[in-house]
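**Student:** Just so you know, we're using numbering that gives the first Met the number 0 here: the sequence shown kicks off at 0 and counts up by one. All C-beta atoms, glycine included, are put in the ideal place defined by N, C-alpha and C. Sharing a structure, written as structure tokens. Questions coming.
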Amino acid sequence: MRMLATLVLALFLVMPASARADQKDPRLPDLFTELAAAGSVEDAFRIERRIWDIWTRHDEAKIDALMSAGRRKMQPGAYDEALAIFDKIVAEAPDFAEGWNKRATLLYLIGDLEGSVRDIESTLALEPNHFGALAGLGLIYRAINKPEAALKAFEKVLEISPQSLSVHLHIKQLRAELRGKKL
């Protein structure tokens, strides 16, 4: 679990944050079309980074500054401070999917899987194509031994981002575990 948490945090920290936008940005539909048609893992990764760049920024400067502060607090593991910041973001900008997703990530890292699932559900209600939230949901379902639910979450990721190598690996492992079980 510790290694998985480290991987989740590492992925979280490499996501860029430079343009002002959010899940309502008009560039996203074209980017999701490109992502679904990406011909290589490298192309998909490049497109995913552009999507993350859009998702992690908010049009309101105060929310954008809070998001940056929360992300910085997660790096050294100042989780209590980061949680207070993400709580403030979801309270002040409840329509900002990435605020919910970042808090879901933090809740996952501190072991509050139920809270993380609730925040993932809020993320997906605002941004149904949030492949990061869906992958997180798959990881949680794996952790709590719900392989069928994990498989469904990971399969949904592949509908959005078919080149995801880690998701392909999870699906392969889950299918092997479920072989012989009726889904």
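With DSSP collapsed to three states, give me the class of A81.
**Tutor:** helix
**Student:** Between which residues of its own chain and L125 is the CB-CB distance below 8 Å, once the five residues before and five after are set aside?
**Tutor:** Q22, D94, F95, A96 and W99
**Student:** Cutting at 7 Å between CB atoms, please list the residues of its own chain near L65, excluding the five before and the five after it.
**Tutor:** Setting aside the 5 residues that flank it on each side, L65 is surrounded in the same chain by I84, K87 and I88, each with a C-beta closer than 7 Å to its C-beta; the list follows chain order.
**Student:** Please name the residue, chosen from L34, L105 and F44, that lies closest to R70 on a Cα-to-Cα basis.
**Tutor:** L105
**Student:** To which residues of the same chain is L150 closer than 6 Å at the C-beta, ignoring the five residues directly before and after it?
**Tutor:** Counting only Cβ-Cβ distances below 6 Å, and skipping sequence neighbours, we find L173.
**Student:** Step through the CB atoms of chain D and report whether any lies within less than 9 Å of the CB of K101.
**Tutor:** Included in the structure is just one protein chain, with no chain D present.
**Student:** With DSSP collapsed to three states, give me the class of N144.
**Tutor:** coil
**Student:** Starting from F95, trace the alpha helix (DSSP H) in both directions and tell me its first and last residue.
**Tutor:** Segment: none, F95 is in no alpha helix (DSSP H) and carries neither H nor E.
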